[in-house]
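The structure appears right after this line, and notes come after that.
In my numbering, the protein residues as written are 518 to 1768.
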């Protein structure tokens, strides 16, 4: 049970601090040895400063505190100096020599989380309270210094298993409480890998900027190790069926200048993605590689792995560094090539492998560096990958001159995204450590050089020395995590050459690896699996917050009370520039402020360009942001000049994105910025099967208040008859373009597509020109390919387009209104389109503009968008009201207490039923089974067995219905044979036998269900009883002379009863039976003290009274009646006086042995209601004693034992005769006298036996 409450002195008065150390964060909760532990960070060291205000801390010490027990509070030492103590040592163990420890333990106790503490405190884990460390810079908001826990990438979140209960608890909180929890920074995201920053002084900075303020630049390297297939070197190899590979690391190089320029480049490494294993061995070279799955069985997992990479990073270029001479590595390389060849991402429509999304380069590192040049020869790999380096580009963001207004009214500069990386290098060797780290260092250097070349800058040797040192430290850190030692070949990585000392260090590391892999790694693997929650039987910790759950549900029902709507205006336009720059100086007002836009300027301008650069073979793989900058400035200048003349607010660039020739820029009025958040951008290539950026899409999304809006500009495949390819391009963008948290285009409330879709008009040139000349737009539109594809549902399903009232926008002779007069003679077409989707959008206009410096005409549309505005103050008030009310309803332990009063904690339970028909959950104050001060009642339909026999509750079923048992709930009941039970005198009741009595039931007398006696004839039917003789013969019974019915007492249960008449046989002797009533002890069977009776000397009972037969001859109906002994006033007792004789079924009791048991099946037993078998047996003992005492009190003084009948007539009772013996025969009796009778009997409806 958990509750989020503000910290107060009153709240903390009953708690004590567990440690004097400061707590830097919480890693989560974990269960070990049946206890729940809270993991906290007690020491951290600053590791990196990525950007001003964005720092990364290295975890130095982690402690675990038990929340469910105090037994472990002093077990683990808190001093960080004791990190390397042995497994058997502990605080208690150190005191063993001085007697008993504080915990009075005689042996040392190891903390259940001891190994976890060592793992998390080994320096390989990092966290940040300033930004989301699990995502690369491109995938998180560039302008915010805060982070959203919901955006954490679980792939790199190593404490995801432990922190998940707290994150789920956070998700149920109200927004203000959630914000307060986030601001506390108590929830920590821990990543594993490497993180470090090198400070670059201004003199060594490669970026020359006009604003020299003396501040240094920062060069950072962040490596994120995946936890999906985590493990040590020989325990984690290859791929799994989910497409996760071992030792998968995402490494990001980040450069940040003081002027606000941010550069980022990402590359990945990972084990060879096929199914293979390798066993550890003490001798080098004997670690045998075993391939565990066929190529056909490997392909699905390989395809899944590559699909995940393509979804996240775009195109993938594989660099395989395995040897071509070592047999084991050759086998892996062969399987690797085969999987690549059969992967769909390696296929391209052009047939060229260079145009595929998946490319590969096999580079035998050992063979290439064997010559005199050594590792220096590895730089030759540049010529194999430089094309992809240019095509993948890099992430670039820069501060703009626009000044955004912060919350306190101060002005601050804004950062906009200039360029995005769209592709990744995937490098591997056998372990993905030494060779891989060296090649990745070279790739990172190539990316930085490309970035500097676009700025016409260059870096000096001092900068590259710091860059190499970072990558060498990165290699050491990753190698220690996976193999147990630092990386090999770091001497060359640091200094550019291999020294003798470096070679000796590599030999030492190789020996250390052998020791670690054989003796240390197995236990490390178990600890890693425990941290990630993968051990068998390991269960997560569950937190229950009932009040917040209730408030969330109720708040959603009352959303109309705090939600309002507002209308914003949006202008969207698209323009294919044909790669020309001479239009930058032209007046863009006819397009931006066309006649359809109106006087009032829109709140948001969305400007899309295609072919912003000429799509030459040299340009299609490279995104140069300089041209986009020029057009951004031209548009912003035009907008703000118009605003200045109208006296309106200025426009600011919210965000822009570029994919080679496609660009998307969003400008927003300054006052509207306060309502916009979560701005994200993404790109998707479709040209040359997704490898080239000459075709593709750029998208930008944001939240305006509580409405999600997305804009997409696309340049689809060209060609008159290529509409199928254009449809494929749309589907590729629609399904493949992803924002943060895997959000797609369709996950928005309002969507606007715009761009050069390249759909043509399916008519001949002359026919089309004739219709254009007649301005027959309707006929042209009927033959429009996009219109036909949308109607057929093959492209843009559920999108809408406004009526087209303008002439085709393609293709014109530049500078004129004449359609294409060149040799190609393009057919006029509406290639430039704007489509919308979303119920909140209402289109106001759709037109083209007469700008003639391109072969396309620009198109624009205006919209009104209805956005939802949430009044946070009103929602907070309603939330607080619901919270307090619910807290009072379910019972707050401190709600009604005065100052200084104490109370016990009470579970906050008391909700409505979870399903219709079920009662609500109970609490200490509310018990549903005592509603209206009446016990709960239930009606259960008794089933019928397949053979038609009745069913009864199984007495062997455990009383707890939630206990697992093989016993069925119901069992078939065979029809009873004549005979009477020794436990019940009622013919309408079945009672469960106590366990000991049930075991000896076969030795007890049987009970026969007898008909209901006729009360008017009852007295005349009472006769004497006779015992059987030694030979088993029976004589006639003598009848009792009675003139009036004897008084009738309420029936009671007993085992030794009065005996009614028997149809035949001699009468009983005149002397009476001594009625001594005892209960046989458990577990022995009841035996009579009369030990001389033979088996034939048993008392045989029957009842002569029968039911009065109805006139129709039918048997009497079932009788639904409460047992008489549970009724306060018996109806029978009203017709007579006294209470001493027993009317109904009776059974004789005599001395028994194992040989004198009567044969015949017993009646089915029913489980006691609300009592166990032991408690039932105790109740029987109490009742037997009570009956005996009362009967002794009722017997008249001085009455003779032999004068039985006279005493019975005087007292209204009838007592049976008994054979004289030396000792009275003990008999079993079950009587009620309203003492616990509810535990035995209950309501029944049974048909009396007719036998």
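Glycine included, every Cβ here is placed at the ideal spot set by N, Cα and C.
Per-residue DSSP class, three states only, for residue i
{"i": "residue 1347", "result": "coil"}
{"i": "residue 1108", "result": "helix"}
{"i": "residue 1468", "result": "strand"}
{"i": "residue 1059", "result": "coil"}
{"i": "residue 814", "result": "helix"}
{"i": "residue 1661", "result": "Annotation note: pLDDT 37 at residue 1661 (below 50); position unreliable, coordinate value reported separately. Residue 1661 falls in the coil class under three-state DSSP."}
{"i": "residue 1600", "result": "For residue 1600, the predicted model reports a pLDDT of 46, less than 50, meaning its position is unreliable; a value from the coordinates is still stated below. It is coil, neither helix nor strand."}
{"i": "residue 671", "result": "coil"}
{"i": "residue 1028", "result": "helix"}
{"i": "residue 941", "result": "strand"}
{"i": "residue 708", "result": "strand"}
{"i": "residue 549", "result": "strand"}
{"i": "residue 1292", "result": "coil"}
{"i": "residue 524", "result": "coil"}
{"i": "residue 607", "result": "With a pLDDT of 34 at residue 607, under the threshold of 50, the modelled position of that residue is not reliable, and the figure given next carries that caveat. In the structure shown, residue 607 sits in coil (DSSP, three-state: anything other than H, G, I, E or B)."}
Candidates the options: closest to residue i by CA position
{"i": "residue 659", "options": "1297, 934 and 1456", "result": "934"}
{"i": "residue 731", "options": "774, 693, 711 and 747", "result": "774"}
{"i": "residue 813", "options": "860, 906, 1166 and 770", "result": "860"}
{"i": "residue 539", "options": "580, 949 and 1074", "result": "580"}
{"i": "residue 1048", "options": "900, 1241 and 631", "result": "631"}
{"i": "residue 1392", "options": "1072, 649, 969 and 892", "result": "1072"}
{"i": "residue 1213", "options": "907, 1226, 1220 and 1233", "result": "1233"}
{"i": "residue 1262", "options": "1274, 892 and 1248", "result": "1248"}
{"i": "residue 1322", "options": "1362, 1316, 1335 and 1342", "result": "1362"}
Burial state of residue i (16 or more Cβ within 10 Å)
{"i": "residue 1181", "result": "buried"}
{"i": "residue 734", "result": "buried"}
{"i": "residue 1218", "result": "buried"}
{"i": "residue 700", "result": "exposed"}
{"i": "residue 500", "result": "With the chain covering 518 to 1768 only, the question about residue 500 has no answer from this structure."}
{"i": "residue 1271", "result": "buried"}
{"i": "residue 1021", "result": "exposed"}
{"i": "residue 1329", "result": "buried"}
{"i": "residue 1158", "result": "exposed"}
{"i": "residue 672", "result": "buried"}
{"i": "residue 714", "result": "buried"}
{"i": "residue 1481", "result": "exposed"}
{"i": "residue 1302", "result": "buried"}
{"i": "residue 1052", "result": "exposed"}
{"i": "residue 1346", "result": "buried"}
{"i": "residue 1462", "result": "exposed"}
{"i": "residue 1308", "result": "exposed"}
{"i": "residue 759", "result": "exposed"}
Beta-carbon separation (whole angstroms), residue i vs residue j, contact threshold 8 angstroms
{"i": "residue 840", "j": "residue 846", "result": "5 angstroms"}
{"i": "residue 1395", "j": "residue 1078", "result": "6 angstroms"}
{"i": "residue 1354", "j": "residue 1268", "result": "4 angstroms"}
{"i": "residue 965", "j": "residue 772", "result": "7 angstroms"}
{"i": "residue 1096", "j": "residue 1130", "result": "6 angstroms"}
{"i": "residue 1093", "j": "residue 822", "result": "Not quite, the Cβ-Cβ distance comes to about 38 angstroms (not below 8 angstroms), so this is no contact."}
{"i": "residue 1091", "j": "residue 1325", "result": "About 15 angstroms; that fails the 8 angstroms criterion."}
{"i": "residue 945", "j": "residue 786", "result": "6 angstroms"}
{"i": "residue 1784", "j": "residue 750", "result": "This structure cannot speak to residue 1784, because the chain is shown only from 518 to 1768."}
Any non-hydrogen atom of the ligand GDP within 8 angstroms of residue i CB
{"i": "residue 576", "result": "The ligand GDP is not among the ligands present in this structure, which contains no ligands whatsoever."}
Handout entry: Entirely enclosed beta strand (DSSP E) segments - the stretch 1219 to 1267, minimum 3 residues
Key = Fully enclosed beta strand (DSSP E) runs of 3 or longer: 1224 to 1232.
Exercise for the section: Go through the stretch 858 to 895 residue by residue and report every complete run of the alpha helix (DSSP H) that reaches 4 residues or more, in order. Expected result: Listed in chain order, the complete alpha helix (DSSP H) runs (minimum 4 residues) inside the stretch 858 to 895 are 882 to 885.
Exercise for the section: With a floor of 3 residues, list each beta strand (DSSP E) that falls wholly inside the stretch 1159 to 1215, ordered by position along the chain. Expected result: Counting only runs of 3 or more, we get 1168 to 1176, 1179 to 1186 and 1193 to 1204.
Exercise for the section: Tell me the start and end of each unbroken beta strand (DSSP E) in the stretch 1062 to 1103 that is at least 3 residues and wholly inside, in chain order. Expected result: Counting only runs of 3 or more, we get 1080 to 1093.
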